[in-house]
Amino acid sequence: MTDITTAQQDRVQIFDTTLRDGEQSPGATMSHDEKMEIAGLLDEMGVDIIEAGFPIASEGDFAAVSDIAKNAKNSVICGLARANFADIDRAWEAVKHAPRGRIHTFIGTSPLHRDITALDQDGMVEKIAATVSHARNLCDDVQWSPMDATRTEHDYLCRVVETAIKCGATTINIPDTVGYTAPRESADLIRMLLERVPGAEKITFATHCHNDLGMATANALAAVEAGARQIECTINGLGERAGNTALEEVVMAMRVRNDIMPYRTGIDTTKIMHLSRRVSQVSGFAVQYNKAVVGKNAFLHESGIHQDGVLKNVQTFEIMRPEDIGLTAKNIAMGKHSGRAALRAKMAELGYDLGDNQLKDVFVRFKALADRKKEVYDDDLVALMADSSAGD
Ligand code: KIV
Ligand code: ZN
Numbered sequence: 001m002t003d004i005t006t007a008q009q010d011r012v013q014i015f016d017t018t019l020r021d022g023e024q025s026p027g028a029t030m031s032h033d034e035k036m037e038i039a040g041l042l043d044e045m046g047v048d049i050i051e052a053g054f055p056i057a058s059e060g061d062f063a064a065v066s067d068i069a070k071n072a073k074n075s076v077i078c079g080l081a082r083a084n085f086a087d088i089d090r091a092w093e094a095v096k097h098a099p100r101g102r103i104h105t106f107i108g109t110s111p112l113h114r115d116i117t118a119l120d121q122d123g124m125v126e127k128i129a130a131t132v133s134h135a136r137n138l139c140d141d142v143q144w145s146p147m148d149a150t151r152t153e154h155d156y157l158c159r160v161v162e163t164a165i166k167c168g169a170t171t172i173n174i175p176d177t178v179g180y181t182a183p184r185e186s187a188d189l190i191r192m193l194l195e196r197v198p199g200a201e202k203i204t205f206a207t208h209c210h211n212d213l214g215m216a217t218a219n220a221l222a223a224v225e226a227g228a229r230q231i232e233c234t235i236n237g238l239g240e241r242a243g244n245t246a247l248e249e250v251v252m253a254m255r256v257r258n259d260i261m262p263y264r265t266g267i268d269t270t271k272i273m274h275l276s277r278r279v280s281q282v283s284g285f286a287v288q289y290n291k292a293v294v295g296k297n298a299f300l301h302e303s304g305i306h307q308d309g310v311l312k313n314v315q316t317f318e319i320m321r322p323e324d325i326g327l328t329a330k331n332i333a334m335g336k337h338s339g340r341a342a343l344r345a346k347m348a349e350l351g352y353d354l355g356d357n358q359l360k361d362v363f364v365r366f367k368a369l370a371d372r373k374k375e376v377y378d379d380d381l382v383a384l385m386a387d388s389s390a391g392d
């Protein structure tokens with residue numbers, strides 16, 4: 001069994017594919033300038049590898065990947081290519097401008113994909129050998145992916161991974177293309193490859209999970225526990241169908257539960273919220289209110305019991321500090337479930353120091369208003385106070 005114990009082996013590389021897999025979400029197309037801005041923010045945040053696009057897909061994609069490569073500061077810039085020389089050459093033309101460029105080439109290896117490409121097992125192995133060798137002749141940093149790996153026969157998966165390593169791949173990505181796997185299986189697959197494939201200890205294994213069954217984050221973290229050291233993810237979990245592993249979720253999970261997941265990333269988490277908002281704005285994909293980490297409600301408390309708790313000790317109902325993801329907004333939402341303690345605290349924040357009798361009066365009128373409205377905003381509370389002084 002492979003021993004993952006040395007000091008630097010707790011470092012997990014973050015590979016962001018918001019601009020490639022994320023942009024493949026129907027309707028999430030971003031403009032050139034928007035892609036440049038998002039890439040700059042990802043680089044600043046400490047993303048190790050940015051998959052900037054699919055250079056052969058269009059002139060626009062090519063221009064975006066090459067301009068992002070030219071402007072890269074710290075991140076490796078990666079371009080996607082299918083298993084053919086034209087795609088690989090085009091990806092290299094785009095990423096070669098980066099201080100550090102990467103070619104990511106892939107082919108579907110499961111029986112379903114072999115069928116549609118009309119290749120038998122041997123034919124596919126030959127194609128992998130030729131294309132990975134070609135990419136490696138152009139670039140020192142080559143990532144190879146057996147698409148639909150989680151539905152590929154284990155013996156065959158070992159064979160194709162071994163071929164790609166022998167031909168020079170430096171990262172092997174194991175995609176759960178259709179979000180089909182589950183955490184234990186995701187871990188077992190990485191462990192199996194590390195144990196069975198000759199040369200596996202020399203390369204980095206990556207995990208690339210889709211969220212069709214809502215398990216992308218759990219599957220990615222399970223793969224890391226088994227030895228994967230690169231997580232492929234997107235901001236807000238943007239991506240094909242139900243999306244990819246969300247960057248903010250895996251990064252914060254490893255940070256908050258470092259006691260049981262002792263891994264490090266290079267991410268400056270205080271930049272998460274700004275990136276989440278910008279990606280939502282430029283892609284046009286709203287973030288669901290109750291989305292983990294970055295949802296509007298992720299740090300908001302409305303019920304009286306919860307509000308009372310967080311006012312006394314915020315840790316009663318919060319496991320992360322909002323400022324750790326760059327959030328400065330207040331965490332009390334006023335609504336019909338809110339209690340007196342929260343109303344008094346909120347009013348104090350707005351500059352009203354309520355005595356007990358006044359609180360009683362305002363609380364009754366606040367409850368009546370909250371019954372009519374979903375959320376009571378600061379302006380509504382100021383209006384309530386104006387009404388009560390008019391009646392004095
Ligand atoms: O989901 C997938 O299999 C992919 C590959 C191109 C890596 O996005
Ligand atoms: Zn994908």
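The UniProt record's numbering applies: residue 1 is where the sequence shown begins, and numbers increase by one. Cβ coordinates follow ideal geometry from the N, Cα and C atoms, glycine included.
First through last residue of the alpha helix (DSSP H) which encompasses residue i
i: CYS158; result: 154-166
i: HIS113; result: 111-117
i: PHE54; result: Run containing PHE54: none; DSSP gives neither H nor E here.
i: VAL142; result: Not the alpha helix (DSSP H): VAL142 falls in the beta strand (DSSP E), residues 142-147.
i: residue 394; result: Absent from the structure is residue 394, since the part of the chain shown begins at 1 and ends at 392.
i: ARG372; result: 356-372
i: ALA348; result: 340-349
i: GLN9; result: Here GLN9 belongs to no alpha helix (DSSP H), and DSSP marks it neither H nor E.
Contact set for residue i: own chain, Cβ-Cβ below 8 Å, skip 5 residues either direction
i: GLY284; result: GLY27, ALA28
i: VAL282; result: MET30, SER31, GLU34, GLU37, ILE38
i: LYS202; result: ILE165
i: ASP371; result: LYS336
i: GLU225; result: ALA187, MET261
Range covered by the beta strand (DSSP E) that runs through residue i
i: MET320; result: No beta strand (DSSP E) contains MET320, which DSSP labels as neither H nor E.
i: ARG82; result: 76-82
i: GLY123; result: From DSSP, GLY123 is part of no beta strand (DSSP E) but of the alpha helix (DSSP H) over 121-138.
i: ARG102; result: 101-108
i: ILE14; result: 13-16
Contact under 7 Å by Cβ, residue i with residue j
i: THR269; j: ILE235; result: no
i: LYS312; j: MET45; result: no
i: THR217; j: THR177; result: no
i: THR152; j: SER110; result: yes
i: VAL12; j: TYR263; result: yes
i: GLN230; j: THR265; result: no
i: GLY79; j: ALA64; result: no
i: CYS158; j: SER133; result: no
i: MET147; j: PHE106; result: yes
i: GLU185; j: ALA206; result: no
i: ALA81; j: ILE88; result: yes
i: GLN143; j: HIS113; result: no
i: LEU350; j: PHE366; result: no
i: ASP140; j: GLY179; result: no
Buried or exposed by the 16-neighbour rule on C-beta atoms within 10 Å, applied to residue i
i: ILE332; result: buried
i: GLN288; result: exposed
i: ASP115; result: exposed
i: HIS286; result: Looking at the sequence provided, one finds Ala at residue 286 rather than His. When all chains shown are included, ALA286 counts as exposed.
i: THR181; result: buried
i: HIS210; result: buried
i: HIS208; result: buried
i: MET58; result: Note that residue 58 corresponds to Ser in the displayed sequence, not to Met. Classification for SER58: exposed.
i: LEU221; result: buried
i: VAL362; result: buried
i: PRO198; result: exposed
i: ARG321; result: exposed
Close-in-space but distant-in-sequence residues of the same chain around residue i (CB under 6 Å, 5 per side omitted)
i: ALA292; result: GLU249
i: ILE50; result: ASP16, ALA39, LEU42, SER75, ILE77
i: GLN24; result: GLU240
Proximal residues to residue i (C-beta, below 7 Å), its chain only, five neighbours per side dropped
i: PHE317; result: HIS301, HIS306, GLY309, VAL310
i: VAL279; result: THR18, ILE38, ILE235, ASN236, LEU238
Residue i at chain E interface by Cβ criterion, 7 Å
i: VAL382; result: No chain E is part of this structure, which consists of one protein chain only.
Minimum length 3: unbroken beta strand (DSSP E) runs contained in the stretch 175-235
204-209, 230-233
Could I get the ranges of all uninterrupted alpha helix (DSSP H) runs contained in the stretch 236-283, with 4 residues as the minimum, in chain order?
247-256, 272-283
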